Each structure stands twice: as structure tokens, then as C-alpha cells.
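Everything on this sheet refers to the single structure shown next.
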Amino acid sequence: MSTGIDSRTNILNRLRKGLGKDPSLSLSDDYGQTAHYDWDKNQRTENFITAMAAVKTEIHRTTEELWPELLVKILLEKDINCLLVSSKRETGKRMATQEFIVESGLTLQTVPDNPPGLKDKLFFDIPATLTTCRSAIAETGSLVLWPDEHEPRAMSLVPPVHFVLLKAKDIYNTLADVIRQEGWAIGMPTNALLISGPSKTADIARILAYGAHGPRELIVLLVE
Amino acid sequence: MSERIPAQNLSFDERVERDLNNPLLRTNFREAMDFLMDKRSSRFTDDQQLQDLRNLGASIRKRALSKLPDLLEQMEVKLRENGIRVHWAETPEQANQIVLDIAQHHGVKTMIKGKSMVSEETELNAFLEQEGINPVEADMGEYILQLAEDKPSHIVMPAIHKTKEDIARLFEKNLDECEYTEDVDELIQAARQELRKVFHGADIGLTGVNFMVAETGTLVLVENEGNGRMATTVPKVHVAMTGIEKVIEYLDDLPPLLTLLTNSATGQPITTYVNMISSPRKGSEDGPEEVHLVLLDNGRTIPYADQEMRQTLQCIRCAACMNHCPVYTRLGGHAYGTTYPGPIGSILSPHLLGLEETKDLPSASTLCGACSEVCPVRIPIPDLLRRLRHEGIRKLKKGEEAVIRGHGTKYTHTEKAAWLSWSKLYSSPALYRSFALSATLFRGLTPSKMKGWTDFRTSPKPSKKSLHSLVKQYRKQQGGAEL
Chain W
0 MSTGIDSRTN
10 ILNRLRKGLG
20 KDPSLSLSDD
30 YGQTAHYDWD
40 KNQRTENFIT
50 AMAAVKTEIH
60 RTTEELWPEL
70 LVKILLEKDI
80 NCLLVSSKRE
90 TGKRMATQEF
100 IVESGLTLQT
110 VPDNPPGLKD
120 KLFFDIPATL
130 TTCRSAIAET
140 GSLVLWPDEH
150 EPRAMSLVPP
160 VHFVLLKAKD
170 IYNTLADVIR
180 QEGWAIGMPT
190 NALLISGPSK
200 TADIARILAY
210 GAHGPRELIV
220 LLVE
Chain P
0 MSERIPAQNL
10 SFDERVERDL
20 NNPLLRTNFR
30 EAMDFLMDKR
40 SSRFTDDQQL
50 QDLRNLGASI
60 RKRALSKLPD
70 LLEQMEVKLR
80 ENGIRVHWAE
90 TPEQANQIVL
100 DIAQHHGVKT
110 MIKGKSMVSE
120 ETELNAFLEQ
130 EGINPVEADM
140 GEYILQLAED
150 KPSHIVMPAI
160 HKTKEDIARL
170 FEKNLDECEY
180 TEDVDELIQA
190 ARQELRKVFH
200 GADIGLTGVN
210 FMVAETGTLV
220 LVENEGNGRM
230 ATTVPKVHVA
240 MTGIEKVIEY
250 LDDLPPLLTL
260 LTNSATGQPI
270 TTYVNMISSP
280 RKGSEDGPEE
290 VHLVLLDNGR
300 TIPYADQEMR
310 QTLQCIRCAA
320 CMNHCPVYTR
330 LGGHAYGTTY
340 PGPIGSILSP
350 HLLGLEETKD
360 LPSASTLCGA
370 CSEVCPVRIP
380 IPDLLRRLRH
390 EGIRKLKKGE
400 EAVIRGHGTK
410 YTHTEKAAWL
420 SWSKLYSSPA
430 LYRSFALSAT
440 LFRGLTPSKM
450 KGWTDFRTSP
460 KPSKKSLHSL
470 VKQYRKQQGG
480 AEL
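Keeping their order, the protein sequence lines are chains W and P.
The numbering of the first sequence is numbering that gives the first Met the number 0, which starts it at 0 and goes up by one.
The numbering of the second sequence is numbering that gives the first Met the number 0, which starts it at 0 and goes up by one.
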């Protein structure tokens, strides 16, 4: 068997030989286009909500002032008594100052400094998490997350319920707009994620079931 | 090793016979394909928009392929800068060995797998099992097939041929604490619990890749379940495996292709998760400490060398061609006998396996054109099928370079002679007239049994008078001019 370096050379040589003198195409040779939307802020928000709700995401419209209280109310309704947040994010900071949390019987846990150690907790203990998101997409109803050490990847994946705090001003029309306007091509993070609804599958007889491997519920607190 | 399904060593005709005579299978596929076609068409309501988007999708893929070697090198540099290790494999054996080496280096016993058709192509699971490593499929469909020791019959919905009763029995037999139930929610939860244990303990995760972005060195994975995210988040090593053709030039090329992929595949505006991975974990982030990318050729460089057949590599694996194919819908995926079934399989597999192994596939089509009408990146599948049919009966001229393995594998002297006579007959009016005359005069001698044809149809008997003579007669009656 040839070594990896040989394989690389052989494959590239075969491709170059195969390409021969065929011209290489550039962006200016592209034709066709994607859909274009002239939505104002309200339309964007409405379209986002419609698209997300269509895939069984719970959306609660709220305000800067009221969202912590609303969150606690939803948690109690769902019989969830423990929530994981990041103390370094707006979510954790705000929740920590809410006096009514103690009365509600809710336990607030924060992401430790060494997230890999968090694994067992996420798998076995934590019933729900609250994360921030970077932005959102109206066309497809997607949340954009760039997980990091404060809000690790597993936080939006492993526990059964995922709450997300989204500011209406951060909603873009399309993914293309997000990528361009936020300058993603200049530097991508370790992991960039689009989340559009709770985890699901139709692999058994095309019947839709939620909570396949990720969260069974996705709940968005939309701050307007 | 080949990527052929060991379909009980049946021939193509025997597999077709077997599956056509399975009414349950046919109902499953008919209903499933109708469902997927409806889902797709409900999303593409504005035809102009769809055609514009398909044009763009085709442009992006053609542009990437027009500079594929450069893009692969550019991407490799970027991936290395980002800390992702790149491996190149010419054959399935090499690809499997690379995965094994990585696993053994880490002393891994269990591998959790996200969905990867390329790992099906290389038959990675069987290879790893021989080497004492336990691969566990985590995509629900693939998990079901692994338990059933079965193979995918569709590239997007691999277990589409299984009924929920099949799966209920399978889970009852194989899963701890799972009683027989036809409740799909309960079945999925049972599998989730079982697979969670594996995710929690696995040290290595393997996935496929939907797109690789050369500009940023990013691997893009598209999925609904979260198994791909789990496999790329929880274990300390992530190995991604894909074909060399999956690269795109710019990050800006991604959104239109994503839109085309998910809408064409399942009629979703987007999948639940779009997972973009550009490096192993940094600092105290979570995620794998090591990320590897295995790039597989396995015959892809063969169609690449021919401008027309290169278009095969534009494919983004949405399976819309399968969903809309009247032949696939009636047969299902297993009859094809290859990892990639349906129209795309019939134009791709001959390159991966050679025409000797796949000589029946280019003819397993009515050339109705439904596949090319829905293909999101405008691959002219019927043209490529016709081209492969031609290559299959054409012997290479002296000094001519092969464009595929197995030129002329379907060539027979009888067929050659038949077409030669046909061409002589139709280019000489005198010969043609005498042929027509004898065909009508001796019509009584037409054999009543003709191999293949008369199994399901009556024998074709020439009419008493040829069309020419009928027209002649008609003109005479009308007093018109001679023909």
C-alpha cells in the first residue's frame, strides 16, 4: 500500500491530468441567483416566528425587563426545577440577580470553568439550559450560535430542554446576510451552529418524532 | 474490497425480480417517494425562483470542480492552519486503514458514527469489526439497519424499506428494557437511551461531510437528529470521511447549496442542525481534541477526467433523483446492488466499481428525464446514462485512452451484427422494400416465443400490409401523386 503522501500526490496528479487545459471558472461565470427579500424589521420578526413555529419551536415574545420572570414561569409550568446558565453571559448575570428565583424553588447552576468536566452533569442531571445566541435567520427560522468555553457546544445539545434568549434586532433575513454582514469568512469559530427547532427524526416509517438525540424542546425568548 | 452489497450473490435481474415481487416493499417505496415528492414541491412553489437557484447551484459546483486540485490544496492548508489533520486515500482499503490507525493510536474500542455514505462505500464497519473495534451507528435509520444487519436502500432515508412493525420486533429483540411497541415516539426514545450510553462512553466519533469550504477550512454537516453533533462534540476524537469532490470555494457558496439540498431532499427550508466545524477545541472549550479529515478518491478521478462525465461529481447527495425516478420507486434501493442507488448511483457507481461490475445500471432507466428535471445542480443524468451505455458497448480504438474501467463490457457480436444489418436495411431503399415485403408475406412464421419479450407480452406480428403500401394505396384512391 502506498503512503499517505503518495496518495495525496497521486490523487492531485490524476486530477490535474484529468483537468488538462479546461478553463477554470471564476465568480463572474456564475449565473442564477437566490431569493431576495425586502422585509422590514416587523416582517422579519414575523417571518422568523412563523418559520420557527412550523418546526415545533415554542416562541415567547417578551421584553428586556420581563424575560427572567417569564422564563421562571415557563420552567415552573413545565415542572423543571433546575436550569444551567453561563455566569459570564447576560443570561446568567440577569438570572443571578432575580430574587424570586429562590422563592420559586428553582436551582440555578452555572457552567464551571472547565467545561469538559461538565459532561456527566449534562448527560445525567441537568433538565434544561438557557443560552444566548449570536443572531437569527428569518427565512429559515434558525438560531445562530457560536458556542465557546462559557456556553459549550454540549449545552445546546445534550439536556432535554434548551432555552435561547434572542434579541429581535439580531434577526437577519438570510444565512447569506449573516455570513456577509458579520464577516464570517474572515475568521470562523471552532464551531458555528444553526439550530432550527428541536431534534427530530422521521427515520421510522416517515413518522415524525422529536427528541431523537438532541433536545426534545426548543424554547425561544424573543426580546423585542 | 468493493462497495458492492453482498446481495446473496444474486444477479441484477434476480434482484429486480425479487424486489418487484415484494408487494410490501413496493407499497413502502411508492408511499415514501410520493411523500418526499410532495414535500419537495410544496417548498418550490415559484418556478422562476427555483430555476434561478438551480442555475446558481450548478454554477457553484461547476466552478469548484473547474479548480478542484487547487481548491483541495488551498483547503488543506487552511485546515492544517486551523489544526485539522488531513489524510488522503486512493482506495477504500486505504481510507479504512487510516481510520483504524487513528482509532488504535487512541486505544479506542468503540466508535460512535454519524451518518456517512462514504463509510458505507468503504464498508468501514465490517473492516473495523474484524480489527476488534466496535462501530455503532447513531443515525436512527442506520442504527436500525445495523441491528438488522441490513444495508441502506436510500441515501437520505436509509431504513425507508422497514415498517414500524419490523422495527418494533427488532428493538424488542436487541434493546435492553424495550418491549414490543409500534408507538414511534417510544421506539425513538428507546434508541435514544441506548445510544446515549454509547455517546457518553465513546472516545471517537466518525461522520460524513456535506460540504467542505476551501476558503475557511470548514466542514459542514447537515442533519435533523443531533447524532452528527453528538459524534462531533462528545468524543475526544472526531474523524470526518468524505469524497474529494465535496469541496466548495467560498463560504458565500454555502447558503444557496444548503437551500437546494434540504428543500430537494426532504422539503425542509433547513435541517434542524447545520454544524460548521473549523477546528478542534481551543483552550477550555468543549468538543474534540483532535479532528481528522479523510479524503477519498475511490474512482472519482475517473469521471473527473472527462468534461461531460465530470458533471457526475456536481452531486450534493439530496436523493431527489431517486425520489422522482419511476424505476427506483418500483424497485427500491437494494436491487441496484450498490451503495448509491437510483439515477445518481447508476451514473456514479460505474466509475467507482468499473462497468464490468455495474453493466446493467446505465440501462436500469427509462430515460424519462424526471431526475434531471429535479436535480438541484442540474446534472444531465439521462445524457450521462446514455453516454455510459455507449461506453459499455464501445471497444477502445488503438491508442485511445480509457475514460472508464470496463469499456465494451456489454459488447456482443450479435448486437453489433444486428445493428449493422439494421443500418444497411434502412440506408438502402431496395433492401428495405424487399425486407418489408418478406416481413408481411411471411408474417405467419413469426415465432410465438421470444426470450424476455413474450414473458409478459404477446409476440409482435407484422401486419398484412406495410405502412408504405397502405399509404401508396390511399394516395391512389385519392388520385394523388405518387409518394
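C-beta: ideal position from N, C-alpha, C; glycine also.
None of these values were measured; they are calculated from a predicted model.
Cutoff 7 Å: residue i Cβ touching any chain B Cβ
i              : result
Q192 (chain P) : Of the chains in the structure shown, none is chain B; the protein chains are W and P.
Candidates the options: closest to residue i by CA position
i              : options                           : result
P435 (chain P) : P:Q310, P:H467, P:I380 and P:G443 : Reading off the sequence, residue 435 (chain P) comes out as Ala, not Pro. Of P:Q310, P:H467, P:I380 and P:G443, the residue nearest in Cα terms is P:H467.
E224 (chain P) : W:P67, W:L207, W:G104 and W:T44   : W:L207
N133 (chain P) : P:L440, P:K66 and P:V197          : P:V197
K16 (chain W)  : P:Q306, P:A369 and P:V376         : P:Q306
V290 (chain P) : P:I243, P:L250 and P:P234         : P:P234
S25 (chain W)  : P:L70, P:D51, P:F11 and P:R42     : P:L70
T365 (chain P) : P:G341, P:T453 and P:A429         : P:G341
Q73 (chain P)  : P:E248, P:L146 and P:A57          : P:E248
H406 (chain P) : P:G391, P:T413, P:Y473 and P:G398 : P:G391
K114 (chain P) : P:L354, P:T231 and P:I243         : P:T231
V163 (chain W) : W:A175, W:D176 and W:W145         : W:W145
A94 (chain P)  : P:V238, P:G282 and P:D149         : P:V238
C132 (chain W) : W:A191, W:K20 and W:K92           : W:A191
Whole-angstrom distance between residue j and residue i, CA atom to CA atom
i              : j              : result
T121 (chain P) : I4 (chain W)   : 20 Å
R25 (chain P)  : Y209 (chain W) : 28 Å
L205 (chain P) : M240 (chain P) : 7 Å
S1 (chain W)   : L352 (chain P) : Bear in mind that a pLDDT of 48 at S1 (chain W), under 50, signals an unreliable position, so the model cannot answer this.
L221 (chain W) : T62 (chain W)  : 8 Å
C177 (chain P) : D138 (chain P) : 19 Å
D184 (chain P) : D202 (chain W) : 11 Å
T128 (chain W) : M154 (chain W) : 7 Å
V84 (chain W)  : T338 (chain P) : 44 Å
T200 (chain W) : F28 (chain P)  : 18 Å
K475 (chain P) : G443 (chain P) : 28 Å
P68 (chain P)  : V76 (chain P)  : 13 Å
A401 (chain P) : C374 (chain P) : 28 Å
N80 (chain W)  : L74 (chain W)  : 7 Å
D176 (chain W) : T130 (chain W) : 23 Å
R309 (chain P) : N81 (chain P)  : 30 Å
L165 (chain W) : A201 (chain P) : 33 Å
R499 (chain P) : Q129 (chain P) : The shown model of chain P, from 0 to 482, leaves out residue 499 (chain P), and the question about it has no answer.
E244 (chain P) : N9 (chain W)   : 15 Å
D175 (chain P) : A363 (chain P) : 43 Å
Simplified DSSP assignment, three categories, for residue i
i              : result
L205 (chain P) : strand
P157 (chain P) : coil
V76 (chain P)  : helix
V183 (chain P) : helix
I101 (chain P) : helix
W418 (chain P) : helix
F441 (chain P) : coil
H59 (chain W)  : strand
G216 (chain P) : coil
W66 (chain W)  : helix
P279 (chain P) : coil
N297 (chain P) : coil
G242 (chain P) : strand
P254 (chain P) : helix
L466 (chain P) : helix
Q476 (chain P) : helix
E13 (chain P)  : helix
Identified DSSP bridge partners for residue i
i              : result
L107 (chain W) : W:L82
L142 (chain W) : W:A135 and W:I194
F210 (chain P) : P:V219
Y339 (chain P) : Answer is none; Y339 (chain P) lacks a bridge partner.
Is there contact here, the region 326-339 of chain P with the region 245-262 of chain P, by at least three beta-carbon pairs under 8 Å?
-> no
If you pair each beta-carbon of the region 260-273 of chain P with each one of the region 33-45 of chain P, do three or more pairs fall below 8 Å?
-> yes
Any 3 or more C-beta pairs closer than 8 Å across the region 177-196 of chain W and the region 44-64 of chain W = yes
At least 3 beta-carbon pairs within less than 8 Å: the region 140-160 of chain P vs the region 99-107 of chain P | Verdict: no, contact absent.
Counting pairs of Cβ atoms below 8 Å between the region 166-179 of chain P and the region 124-138 of chain P, do you hit three or more?
-> no
Determine, using beta-carbon pairs with one atom in the region 267-274 of chain P and one in the region 58-75 of chain P, whether at least three such pairs fall under 8 Å.
-> no
Does the region 98-109 of chain W touch the region 130-139 of chain W, meaning 3 or more C-beta pairs lie closer than 8 Å?
-> no
Taking one C-beta from the region 379-392 of chain P and one from the region 300-317 of chain P each time, how about it: are there three or more such pairs within less than 8 Å?
-> yes
Indicate whether the contact test is met: 3 or more Cβ pairs, each with one atom in the region 114-126 of chain W and one in the region 168-178 of chain W, closer than 8 Å.
-> Between the region 114-126 of chain W and the region 168-178 of chain W there are fewer than three inter-stretch CB-CB distances shorter than 8 Å, so the stretches are not counted as touching.
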